[in-house]
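Please read the structure below before turning to the comments.
Protein chains: 2
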Amino acid sequence: MDGLTAPVTVDDHHGCPATAVLRRVGDKWSPVLLSLLARGGYGFNELDRSVEGLSRRMLIRTLRSLERDGLVSRTVHAGVPPRSEYALTDLGRSLREQLNALGRWAVTHEAELTAARRRYAEHT
Amino acid sequence: MDGLTAPVTVDDHHGCPATAVLRRVGDKWSPVLLSLLARGGYGFNELDRSVEGLSRRMLIRTLRSLERDGLVSRTVHAGVPPRSEYALTDLGRSLREQLNALGRWAVTHEAELTAARRRYAEHT
DNA sequence: CCGAATCCAGGCGGATACTG
DNA sequence: CAGTATCCGCCTGGATTCGG
Numbered sequence: 014m015d016g017l018t019a020p021v022t023v024d025d026h027h028g029c030p031a032t033a034v035l036r037r038v039g040d041k042w043s044p045v046l047l048s049l050l051a052r053g054g055y056g057f058n059e060l061d062r063s064v065e066g067l068s069r070r071m072l073i074r075t076l077r078s079l080e081r082d083g084l085v086s087r088t089v090h091a092g093v094p095p096r097s098e099y100a101l102t103d104l105g106r107s108l109r110e111q112l113n114a115l116g117r118w119a120v121t122h123e124a125e126l127t128a129a130r131r132r133y134a135e136h137t
Numbered sequence: 014m015d016g017l018t019a020p021v022t023v024d025d026h027h028g029c030p031a032t033a034v035l036r037r038v039g040d041k042w043s044p045v046l047l048s049l050l051a052r053g054g055y056g057f058n059e060l061d062r063s064v065e066g067l068s069r070r071m072l073i074r075t076l077r078s079l080e081r082d083g084l085v086s087r088t089v090h091a092g093v094p095p096r097s098e099y100a101l102t103d104l105g106r107s108l109r110e111q112l113n114a115l116g117r118w119a120v121t122h123e124a125e126l127t128a129a130r131r132r133y134a135e136h137t
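Keeping their order, the protein sequence lines are chains A and B. Using the numbering used here, the letters of the first sequence correspond one by one to residues 14 to 137. Using the numbering used here, the letters of the second sequence correspond one by one to residues 14 to 137.
The structure is reproduced here in structure tokens:
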């Protein structure tokens, strides 16, 4: 019926408080869009063109779910042609900072991860 | 043929360095297991019994993928009965700290997220 | 230009049964 | 006890098409 409902649902924590956030932004495009929107407001097609490999459907889907959780705001400028502006909310910016920290961890330990993978692949 | 290959794969970054980590630990059980193993070494059945709702298959699958990336170590004690011990590596502990930070963010802003959801659901 | 609906493949994740 | 293999449902995510 829909085809556009939120891709991400948050359920049980199982004693790990980070689980909710991880599953919230652990989908394919949320972190990319948060990263992009952190650089200022964006129009729809701007986003569409900026991210290669991102289909229009998943763009809307992801934006909606981010908007739903108050991480992204959408302001519609009616007129011809119509234009929608997307931007991070304060909450979104605050989350984005956490993701930045994670990003720093990633680049710092990237080599160790790939090294571990090679080891694992070689041993068996 | 397999049924046990790694559940998580890390691909493109798309300009967001956090993406890799998020998709690495954004699956259902990785954060839970990391959180659990942070409290010390664990045997297989201990883990199996500790986490409710976690099937044996997904337990092994997730442990293997964590081991593959050097986040978790497995030491097999042959004998009768056989026993496998799982623990965090240094890399795993370092990642776990980052997830703790995310967890703190989660509990701090939990209310804002649910409030935003209510607003969104009510408006349409 | 922005968005929604439909259709469809692939992967995650669960249930179950079988080995050393 | 610690896995492994098989079958299967569901959900994420991509391609395409249609509407305002």
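All C-beta atoms in this analysis are idealised placements derived from N, C-alpha and C, irrespective of residue type, glycine included. Note that the structure is predicted; figures quoted are calculated from it, not measured.
Taking all protein chains shown into account, decide if residue i is buried (16 or more other Cβ within 10 angstroms of its Cβ) or exposed.
i, result
"D40(B)", "buried"
"R37(A)", "buried"
"P44(A)", "buried"
"T75(A)", "buried"
"A68(A)", "According to the sequence displayed, residue 68(A) carries Ser and not Ala. With fewer than 16 Cβ atoms within 10 Å of its Cβ, S68(A) is classed as exposed."
Where residue i and residue j are concerned, what is the direct C-alpha to C-alpha distance, given to the nearest angstrom?
i, j, result
"R131(A)", "S86(B)", "15 Å"
"A100(A)", "A51(A)", "8 Å"
"R117(A)", "T102(A)", "22 Å"
"A91(A)", "T121(A)", "45 Å"
"N58(A)", "H136(B)", "25 Å"
"S78(B)", "L108(B)", "15 Å"
"C29(A)", "P94(A)", "47 Å"
"R62(B)", "L72(B)", "11 Å"
Do residue i and residue j have their C-beta atoms within less than 9 Å of each other?
i, j, result
"G56(A)", "E98(A)", "yes"
"A128(A)", "G83(B)", "yes"
"Q111(A)", "L104(B)", "no"
"L49(B)", "L35(A)", "no"
So residue i and residue j are in contact, right, with Cβ under 8 Å, and what is the actual spacing, rounded?
i, j, result
"A119(B)", "A33(A)", "5 Å"
"Y133(B)", "R106(A)", "Wrong, their Cβ atoms sit about 19 Å apart, outside the cutoff."
"E60(A)", "L46(A)", "Strictly speaking, residue 60(A) in this sequence is Leu, with Glu absent from that position. Sure, about 7 Å apart at Cβ, within 8 Å."
"H27(B)", "V64(A)", "6 Å"
Measure from the C-beta of residue i to each C-beta in chain B and report whether the shortest distance is under 9 Å.
i, result
"S68(A)", "no"
"N113(A)", "yes"
"T32(A)", "yes"
"V45(A)", "yes"
"Y133(A)", "yes"
"D40(A)", "yes"
"D61(A)", "no"
"P20(A)", "Summary for P20(A): the model assigns pLDDT 48, below 50, so the residue's position carries little reliability, and this model does not support an answer."
Is there at least one Cβ from chain A nearer than 9 Å to residue i's Cβ?
i, result
"H122(B)", "yes"
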